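Take a look at the structure set out below.
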Amino acid sequence: MFDRPALNAELLAAGNLDGNALQLSHPSLFSAAELTVSSGQAEAMAGLIAAIESVVAMPAYRQRVLGWAPLGARKDVAARGVFYGYDFHLAVDGPKLIEINTNAGGALLNVCLLAAHGRHDDAQCLRQAFVAMFREEWRLMRGELPLKRIAIIDENPAGQYLAPEFELFRQLFEAHGIAAVVADPAELQRDGDRLLHRGAVVDLVYNRLTDFSLDAAVNADLKAVFEADGVVVTPYPQAHALYADKRNLMLLSDPAALSDMGVPEATQRLLLAGIPRTVAVDPGEGEAFWAGRKNWFFKPAAGFGSRATYRGDKLTKRVFEEILQGGYIAQEIVPPSELTVAVADAAQVMKLDLRCYAYAGQVQLMAARLYQGQTTNFRTPGGGFAPVFAV
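Position 108 of the sequence shown, counted from 1, bears residue number 107 in numbering that gives the first Met the number 0, the numbering being contiguous throughout.
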């Protein structure tokens, strides 16, 4: 049972955040609902994530996806990348993977939400696991050297919708003996092969930027030091290229491509059952796509979140002509499942997607996002993050 005062107490204890003020500024960040999934559904999602991880490790797959990746994504590193987000719709015949994100936000906010539902032990274990994950990223790159300072980086971090989570992370790191700052990339300076923030050396960057290849001018110092191996960045540019570029779903849902890459048949079956067919939008097939548009969801290959994504049945001809200019993929529509939620004493039907937060192919946390409209939006009264429990 959701307990708002308990959530406010958790936010105050974990990040000195004023829960009442947060409720006013972010009224649709947390939903009072909760979602249960069967153990079979949870196992299916975990199995698909492990299958994708095995394919990403294959040289044939890496050669293909890095062939269309930006040059800034070619640098390979030993780190794995923190907080991969695998987003699912729960279909009648099993969970379907809609997309993969490599800087998925909300994990630590959802830990607070778990505690507000009485799962205090689970919340504490997850916080410890998150800190251990960052230490493991550091160990993979630097061995036994001490991790002294982390910079949590995003463009104009105070203006980001999930800015409260940055403070939760800062205080979590500090509580475990790691100095931490929240900063805009413009506040970073290159000093040879070192990265500085206000004169102090940054050992590791927790990267929340949506400039995935670090090509923007404001990220020049960060990119230069990263490429010189002077700072650990997680998640790093190649992580996005290997996992989150939406064109990758074309390979992972194509039986011919999977066979050509030598993917084992058992893994192919998992992928084809769990990933909706995804194809490139070829302008030469515009008429066919328009005629069958109700069957497709159109997404920019290099996009993130829900920006510039369109359900085919909501498309106007003008927007479709823009899509045909290039850079879009089309994914077979899998309708989101629904949950009835009490909002202001009235029953409201919410759509939902389910996110698995994962590290190194292992699921750490599941959370739902409830909404109304075409895509998740954190603007629906009664919507927002909700905990997910496997039964």
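All C-beta atoms, glycine included, are put in the ideal place defined by N, C-alpha and C. Remember, predicted model here, so these are calculated numbers, not experimental data.
Under 8 Å between C-beta atoms of residue i and residue j
i: residue 85; j: residue 149; result: no
i: residue 274; j: residue 257; result: no
i: residue 28; j: residue 18; result: no
i: residue 99; j: residue 242; result: yes
i: residue 93; j: residue 41; result: no
i: residue 207; j: residue 104; result: yes
i: residue 327; j: residue 296; result: no
i: residue 185; j: residue 217; result: yes
i: residue 2; j: residue 157; result: no
i: residue 386; j: residue 33; result: yes
i: residue 280; j: residue 314; result: no
Separation of residue j from residue i, as counted between CA atoms
i: residue 14; j: residue 166; result: 6 Å
i: residue 178; j: residue 321; result: 47 Å
i: residue 363; j: residue 72; result: 26 Å
i: residue 12; j: residue 67; result: 45 Å
i: residue 136; j: residue 79; result: 7 Å
i: residue 259; j: residue 182; result: 44 Å
i: residue 117; j: residue 0; result: 8 Å
i: residue 109; j: residue 366; result: 7 Å
i: residue 268; j: residue 129; result: 32 Å
i: residue 131; j: residue 138; result: 10 Å
i: residue 330; j: residue 52; result: 21 Å
i: residue 87; j: residue 96; result: 4 Å
i: residue 151; j: residue 169; result: 8 Å
i: residue 212; j: residue 188; result: 18 Å
i: residue 191; j: residue 221; result: 12 Å
i: residue 347; j: residue 112; result: 21 Å
i: residue 64; j: residue 236; result: 13 Å
i: residue 369; j: residue 25; result: 14 Å
i: residue 344; j: residue 381; result: 11 Å
i: residue 60; j: residue 337; result: 35 Å
i: residue 127; j: residue 119; result: 13 Å
i: residue 200; j: residue 173; result: 16 Å
i: residue 254; j: residue 282; result: 23 Å
In DSSP terms, what residue i is bridged to
i: residue 387; result: 34
i: residue 194; result: 189
i: residue 149; result: 179 and 203
i: residue 295; result: 331
i: residue 90; result: 93
i: residue 352; result: 368
i: residue 231; result: 203
Residue from the options with nearest C-alpha to residue i
i: residue 388; options: 285, 37, 21 and 313; result: 37
i: residue 55; options: 188, 251 and 94; result: 251
i: residue 319; options: 230, 286 and 240; result: 286
i: residue 375; options: 22, 30, 8 and 16; result: 30
i: residue 45; options: 355, 380, 378 and 195; result: 355
i: residue 234; options: 74, 57, 35 and 34; result: 74
i: residue 180; options: 224, 189, 162 and 50; result: 162
i: residue 292; options: 220, 124, 156 and 316; result: 316
i: residue 77; options: 385, 369, 359 and 348; result: 359
i: residue 193; options: 173, 313, 39 and 226; result: 226
Fully enclosed by the stretch 6-67, which alpha helix (DSSP H) runs are 4 residues long or longer? You should have 18-24, 38-55 and 58-66.
Complete alpha helix (DSSP H) runs within the stretch 235-318 (minimum length 4 residues, chain order): You should have 247-251, 254-259, 264-273 and 285-290.
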